[in-house]
Each structure stands twice: as C-alpha cells, then as structure tokens.
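Heads up, the thing below is written out as structure tokens.
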Amino acid sequence: MRHLVTAALLLAGIVHLLPVAGVLGGPRLAALYGVQVADPNLDLLLRHRAVLFALLGLLLCAAAFRPVLQAPALIAGLASLVSFLSLAALGGGLNPQLSRVFAVDVAALAVLGAGGIAWLRNPA
7 MRHLVTAALL LAGIVHLLPV AGVLGGPRLA ALYGVQVADP NLDLLLRHRA VLFALLGLLL
67 CAAAFRPVLQ APALIAGLAS LVSFLSLAAL GGGLNPQLSR VFAVDVAALA VLGAGGIAWL
127 RNPA
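Quick note, the sequence shown lines up with residues 7 to 130 if you use this note's numbering.
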C-alpha cells in the first residue's frame, strides 16, 4: 500500500509540474492551453497560475517521500483536480488542448484517489 501512495503522489506531482512552462508566457501558454493571451493582465494571471501549479507539484512530489506531508498533499492535489474538472464540466466547450488537460486530470484524479484510499487504510 505504501508504494501505491508514493506512486500516486509522484504521478500527481508530475502532472501538476507540467504546466510550469507557462511561466514563460505567451507562446508557451498558447501551446499548453490553446489560447492567445493578448492582455498583459491575463498573461500575468496565467503565469502566476503556472507558479502555483509548480508549488503544488513540488509538495506532491515531496510528500511521496515525507509521510508527514501526505495528508495535506493528498487534500490539496484532490482539491485542485476536482475543482478544475468540475469547472470544465460545467462550462463545456473545451478546445482540443483543454480537452487533453481534462483527460489527463481525470486519469490523475483516479490515481490520486486510489492513493488517498490506500493512505486512509494505512495512514502515515
């Protein structure tokens, strides 16, 4: 069970680290999300979002090896995934890039959910 928790946290961490390239701005954001960001304020917000995802990804990866961090990391990771998936499902009309993000997040939710269940059965 311990290995499942570790693997789930690492995988979710990697998923949350992937958008860090968005911190570079315009062209990277367009490649990641299929959106053109002409407004500098929106560019700033999306770049900041990339930093926040990197921080969450680092927490998830660290928690894979630091049991004391596992509960908060699982909660934060699950909240991140569920919130995006819920908003995307309610909004609909996703472009191809966001549809890919949605699919990856569904898989990450399944993996992190399994890791969370394993952790609940044998908490650190």
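Note that the Cβ used here is the ideal one computed from N, Cα and C, for glycine as well.
Since residue i is in the alpha helix (DSSP H), which residue starts that stretch and which ends it?
{"i": "Phe108", "result": "Pro102 to Arg127"}
{"i": "Asp49", "result": "Pro46 to Ala69"}
{"i": "Val11", "result": "Arg8 to Leu23"}
{"i": "Pro78", "result": "Gln76 to Gly97"}
{"i": "Gly32", "result": "Gly32 to Tyr39"}
Quick check: residue i and residue j, are their CB atoms within less than 8 Å of each other?
{"i": "Val107", "j": "Ala18", "result": "no"}
{"i": "Gly28", "j": "Leu48", "result": "no"}
{"i": "Ala124", "j": "Met7", "result": "yes"}
{"i": "Ala95", "j": "Leu104", "result": "no"}
{"i": "Ala120", "j": "Leu10", "result": "yes"}
Apart from the five residues on each side of it in sequence, which residues of its chain come closer than 7 Å, Cβ to Cβ, to residue i?
{"i": "Ala82", "result": "Leu62 and Leu65"}
{"i": "Ala69", "result": "Leu15, Leu75, Gln76 and Ala79"}
{"i": "Gly122", "result": "Leu80 and Leu84"}
{"i": "Val57", "result": "Val29"}
Go through its chain and collect everything with a Cβ distance to residue i's Cβ below 8 Å, but skip five positions before and after it.
{"i": "Pro102", "result": "Gly40"}
{"i": "Ala36", "result": "Gln42 and Val43"}
Within its chain, find whatever has a CB closer than 6 Å to the CB of residue i; leave out the 5 residues flanking it on each side and keep chain order.
{"i": "Gly59", "result": "Contrary to the premise, residue 59 reads as Phe rather than Gly in this sequence. Only His22 and Pro25 meet the Cβ criterion."}
| the stretch 23 to 30 in contact with the stretch 68 to 83 per 3-pair CB rule at 8 Å | Between the stretch 23 to 30 and the stretch 68 to 83 there are fewer than three C-beta pairs closer than 8 Å, too few to call the two in contact.
Self-check item: Three-pair Cβ contact test at 8 Å for the stretch 83 to 99 versus the stretch 38 to 57
Solution: The count of Cβ pairs closer than 8 Å, one atom from the stretch 83 to 99 and one from the stretch 38 to 57, stays below three, leaving the stretches out of contact.
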